[in-house]
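When the letters of the sequence shown are read in order and numbered with the working numbering, they come out as residues 122 to 304.
So the structure is just underneath, and the comments pick up after that.
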Amino acid sequence: MSSRSPYYFSLHASDPKDPDGGTRKDTGHTFICGPTGSGKTVLVGFLLAMLARGGVTQVVFDKDRGLEILVRALGGTYLPLKNGGATGFNPLQLPPTATNVEFLKVWLRSLVRGSAPLSVREEGDLDQALRGTLALEVASRRLSRLVEFTDSTRSDGVHARLCRWCESQGGDYAWAFDNAADT
122 MSSRSPYYFS LHASDPKDPD GGTRKDTGHT FICGPTGSGK TVLVGFLLAM LARGGVTQVV
182 FDKDRGLEIL VRALGGTYLP LKNGGATGFN PLQLPPTATN VEFLKVWLRS LVRGSAPLSV
242 REEGDLDQAL RGTLALEVAS RRLSRLVEFT DSTRSDGVHA RLCRWCESQG GDYAWAFDNA
302 ADT
(Lines of atoms letter the chains of each structure in order from A and count residues from 1; the text may use other names and numbers.)
(Lines give C-alpha, C1' and ligand atoms only; values in the text may rest on other atoms or scores of the structure.)
Protein backbone atom coordinates (compact mmCIF):
# COMPACT_ATOMS: atom_id res chain seq x y z
CA MET A 1 0.00 0.00 0.00
CA SER A 2 2.86 2.39 0.65
CA SER A 3 3.71 2.30 -3.06
CA ARG A 4 0.32 3.98 -3.71
CA SER A 5 -0.63 1.21 -6.11
CA PRO A 6 -4.14 -0.26 -5.84
CA TYR A 7 -4.64 -3.55 -4.05
CA TYR A 8 -6.78 -5.99 -6.02
CA PHE A 9 -8.54 -8.05 -3.37
CA SER A 10 -10.31 -11.27 -4.34
CA LEU A 11 -12.05 -13.93 -2.26
CA HIS A 12 -11.50 -16.38 -5.13
CA ALA A 13 -8.19 -18.11 -4.55
CA SER A 14 -6.07 -19.30 -7.43
CA ASP A 15 -2.61 -20.80 -7.46
CA PRO A 16 -0.27 -19.69 -10.27
CA LYS A 17 1.57 -23.03 -9.86
CA ASP A 18 -1.56 -24.96 -10.96
CA PRO A 19 -1.33 -26.61 -14.39
CA ASP A 20 -3.87 -24.09 -15.72
CA GLY A 21 -1.59 -21.22 -14.68
CA GLY A 22 -3.92 -20.06 -11.94
CA THR A 23 -6.67 -18.96 -14.31
CA ARG A 24 -9.38 -21.05 -12.63
CA LYS A 25 -11.10 -19.12 -9.87
CA ASP A 26 -12.53 -21.14 -6.99
CA THR A 27 -15.73 -20.12 -5.26
CA GLY A 28 -15.37 -17.36 -2.72
CA HIS A 29 -16.12 -19.29 0.45
CA THR A 30 -14.52 -17.29 3.23
CA PHE A 31 -14.01 -17.90 6.94
CA ILE A 32 -12.87 -15.12 9.24
CA CYS A 33 -11.91 -15.80 12.84
CA GLY A 34 -10.36 -13.86 15.68
CA PRO A 35 -10.84 -13.00 19.33
CA THR A 36 -13.84 -11.06 20.65
CA GLY A 37 -13.65 -7.36 19.83
CA SER A 38 -10.98 -7.71 17.14
CA GLY A 39 -13.16 -6.28 14.35
CA LYS A 40 -14.34 -9.40 12.53
CA THR A 41 -17.87 -8.08 12.03
CA VAL A 42 -16.56 -4.70 10.88
CA LEU A 43 -14.27 -6.39 8.35
CA VAL A 44 -17.05 -8.65 7.07
CA GLY A 45 -19.42 -5.68 6.84
CA PHE A 46 -16.88 -3.70 4.84
CA LEU A 47 -16.25 -6.62 2.49
CA LEU A 48 -19.99 -7.18 2.00
CA ALA A 49 -20.53 -3.52 1.18
CA MET A 50 -17.67 -3.47 -1.32
CA LEU A 51 -18.73 -6.74 -2.96
CA ALA A 52 -22.35 -5.55 -3.19
CA ARG A 53 -21.24 -2.88 -5.67
CA GLY A 54 -20.49 -5.68 -8.13
CA GLY A 55 -23.97 -7.19 -7.80
CA VAL A 56 -22.76 -10.50 -6.39
CA THR A 57 -25.02 -12.98 -4.61
CA GLN A 58 -24.05 -13.28 -0.97
CA VAL A 59 -25.11 -15.61 1.83
CA VAL A 60 -24.04 -14.61 5.32
CA PHE A 61 -24.24 -16.59 8.55
CA ASP A 62 -24.23 -14.02 11.30
CA LYS A 63 -23.97 -14.58 15.05
CA ASP A 64 -25.79 -12.16 17.37
CA ARG A 65 -27.32 -10.16 14.47
CA GLY A 66 -24.24 -7.95 14.07
CA LEU A 67 -24.75 -7.57 10.32
CA GLU A 68 -28.53 -7.26 10.24
CA ILE A 69 -28.65 -3.50 9.67
CA LEU A 70 -26.06 -3.67 6.89
CA VAL A 71 -27.77 -6.58 5.13
CA ARG A 72 -31.10 -4.73 5.17
CA ALA A 73 -29.45 -1.45 4.07
CA LEU A 74 -27.96 -3.27 1.09
CA GLY A 75 -31.44 -4.51 0.13
CA GLY A 76 -30.90 -8.03 1.40
CA THR A 77 -33.24 -10.29 3.30
CA TYR A 78 -32.18 -11.03 6.85
CA LEU A 79 -33.59 -14.24 8.29
CA PRO A 80 -32.75 -14.63 11.98
CA LEU A 81 -32.65 -18.26 13.06
CA LYS A 82 -33.83 -19.02 16.57
CA ASN A 83 -34.20 -22.54 17.91
CA GLY A 84 -37.93 -23.25 18.01
CA GLY A 85 -38.91 -20.05 16.16
CA ALA A 86 -40.41 -20.21 12.67
CA THR A 87 -37.68 -19.72 10.08
CA GLY A 88 -39.85 -18.79 7.12
CA PHE A 89 -38.22 -21.59 5.11
CA ASN A 90 -40.49 -23.74 2.96
CA PRO A 91 -38.54 -25.37 0.13
CA LEU A 92 -41.70 -27.05 -1.18
CA GLN A 93 -42.83 -23.67 -2.51
CA LEU A 94 -39.90 -23.44 -4.92
CA PRO A 95 -40.91 -23.44 -8.60
CA PRO A 96 -41.07 -27.09 -9.76
CA THR A 97 -38.14 -26.95 -12.20
CA ALA A 98 -36.10 -30.09 -12.83
CA THR A 99 -33.23 -28.71 -10.74
CA ASN A 100 -35.52 -27.78 -7.84
CA VAL A 101 -37.32 -31.14 -7.91
CA GLU A 102 -33.97 -32.93 -7.71
CA PHE A 103 -32.97 -30.69 -4.79
CA LEU A 104 -36.28 -31.45 -3.03
CA LYS A 105 -35.75 -35.20 -3.47
CA VAL A 106 -32.30 -35.02 -1.88
CA TRP A 107 -33.57 -32.72 0.88
CA LEU A 108 -36.54 -34.95 1.76
CA ARG A 109 -34.30 -38.02 1.86
CA SER A 110 -31.98 -36.23 4.27
CA LEU A 111 -34.94 -35.41 6.55
CA VAL A 112 -36.12 -39.02 6.83
CA ARG A 113 -32.91 -41.01 6.48
CA GLY A 114 -31.81 -42.76 9.64
CA SER A 115 -28.58 -44.64 10.13
CA ALA A 116 -29.47 -47.03 7.29
CA PRO A 117 -30.08 -45.99 3.68
CA LEU A 118 -33.67 -45.71 2.47
CA SER A 119 -35.19 -48.73 0.77
CA VAL A 120 -36.36 -48.53 -2.83
CA ARG A 121 -39.95 -48.55 -1.56
CA GLU A 122 -39.28 -45.65 0.82
CA GLU A 123 -37.64 -43.62 -1.93
CA GLY A 124 -40.63 -44.34 -4.17
CA ASP A 125 -43.04 -43.28 -1.41
CA LEU A 126 -41.17 -40.02 -0.97
CA ASP A 127 -41.11 -39.35 -4.72
CA GLN A 128 -44.85 -40.04 -4.98
CA ALA A 129 -45.56 -37.75 -2.01
CA LEU A 130 -43.43 -35.03 -3.59
CA ARG A 131 -45.30 -35.32 -6.91
CA GLY A 132 -48.62 -35.07 -5.08
CA THR A 133 -47.50 -32.05 -3.10
CA LEU A 134 -46.10 -30.22 -6.13
CA ALA A 135 -49.48 -30.67 -7.85
CA LEU A 136 -51.11 -28.53 -5.14
CA GLU A 137 -51.46 -24.75 -5.23
CA VAL A 138 -48.21 -23.09 -4.12
CA ALA A 139 -49.80 -21.73 -0.92
CA SER A 140 -50.80 -25.29 0.10
CA ARG A 141 -47.40 -26.88 -0.44
CA ARG A 142 -45.73 -27.66 2.87
CA LEU A 143 -44.44 -30.67 4.79
CA SER A 144 -47.73 -31.01 6.68
CA ARG A 145 -49.44 -31.64 3.34
CA LEU A 146 -46.66 -33.85 1.94
CA VAL A 147 -46.91 -36.24 4.90
CA GLU A 148 -50.58 -36.83 4.00
CA PHE A 149 -49.39 -38.52 0.78
CA THR A 150 -47.31 -41.10 2.69
CA ASP A 151 -48.25 -44.50 4.14
CA SER A 152 -49.06 -44.06 7.83
CA THR A 153 -49.51 -47.78 8.57
CA ARG A 154 -45.82 -48.54 9.19
CA SER A 155 -44.52 -47.43 12.58
CA ASP A 156 -40.98 -46.99 11.24
CA GLY A 157 -41.85 -45.79 7.72
CA VAL A 158 -41.36 -42.51 5.90
CA HIS A 159 -44.56 -41.08 7.41
CA ALA A 160 -43.39 -41.64 10.98
CA ARG A 161 -39.98 -40.11 10.26
CA LEU A 162 -41.48 -37.07 8.52
CA CYS A 163 -43.89 -36.33 11.38
CA ARG A 164 -41.23 -34.70 13.54
CA TRP A 165 -40.84 -32.05 10.80
CA CYS A 166 -44.60 -31.36 10.46
CA GLU A 167 -46.68 -28.82 12.34
CA SER A 168 -49.87 -30.80 11.71
CA GLN A 169 -48.31 -33.74 13.55
CA GLY A 170 -46.97 -31.68 16.47
CA GLY A 171 -43.41 -32.25 15.28
CA ASP A 172 -40.52 -30.92 17.36
CA TYR A 173 -38.77 -29.54 14.26
CA ALA A 174 -41.81 -28.15 12.41
CA TRP A 175 -40.49 -24.63 12.97
CA ALA A 176 -37.56 -25.31 10.64
CA PHE A 177 -39.22 -26.04 7.27
CA ASP A 178 -43.00 -26.44 7.67
CA ASN A 179 -43.86 -22.77 7.27
CA ALA A 180 -46.97 -21.39 5.56
CA ALA A 181 -44.91 -19.21 3.22
CA ASP A 182 -41.34 -19.36 1.98
CA THR A 183 -39.77 -16.03 2.77
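All C-beta atoms, glycine included, are put in the ideal place defined by N, C-alpha and C.
Collapsed DSSP secondary structure at residue i in the structure displayed
i: S126; result: coil
i: R275; result: coil
i: H280; result: helix
i: R263; result: coil
i: V165; result: helix
i: L251; result: helix
i: S289; result: helix
i: R193; result: helix
i: Q179; result: coil
i: E258; result: coil
i: R242; result: helix
i: P140; result: coil
i: S231; result: helix
i: N221; result: helix
Option nearest residue i by Cα separation, candidates the options
i: G166; options: L257, G187, C154; result: G187
i: R266; options: S126, L169, N211; result: N211
i: D248; options: I190, H280, R275; result: H280
i: L132; options: K138, L229, G149, T178; result: G149
i: D303; options: V268, K226, P216; result: P216
i: E288; options: V268, D277, G278, S273; result: V268
i: G278; options: L168, G235, G197, V181; result: G235
i: N221; options: S276, K138, L251; result: L251
i: C154; options: D183, G176, L229; result: D183
i: M171; options: A295, V192, G158; result: V192
i: V233; options: T198, C284, P156; result: C284
Exposure of residue i, with buried meaning 16 or more beta-carbon neighbours within 10 Å
i: N204; result: exposed
i: D185; result: exposed
i: T178; result: exposed
i: L213; result: buried
i: V163; result: exposed
i: Y129; result: exposed
i: L229; result: buried
8 Å contact criterion, which residue i and residue j should meet: CB distance rounded
i: L264; j: F224; result: About 15 Å; that fails the 8 Å criterion.
i: T271; j: D246; result: 6 Å
i: L195; j: A173; result: 5 Å
i: R262; j: T254; result: 5 Å
i: A207; j: N300; result: 6 Å
i: L93; j: V180; result: Residue 93 lies beyond the stretch modelled for the chain, which goes from 122 to 304, so this question has no answer here.
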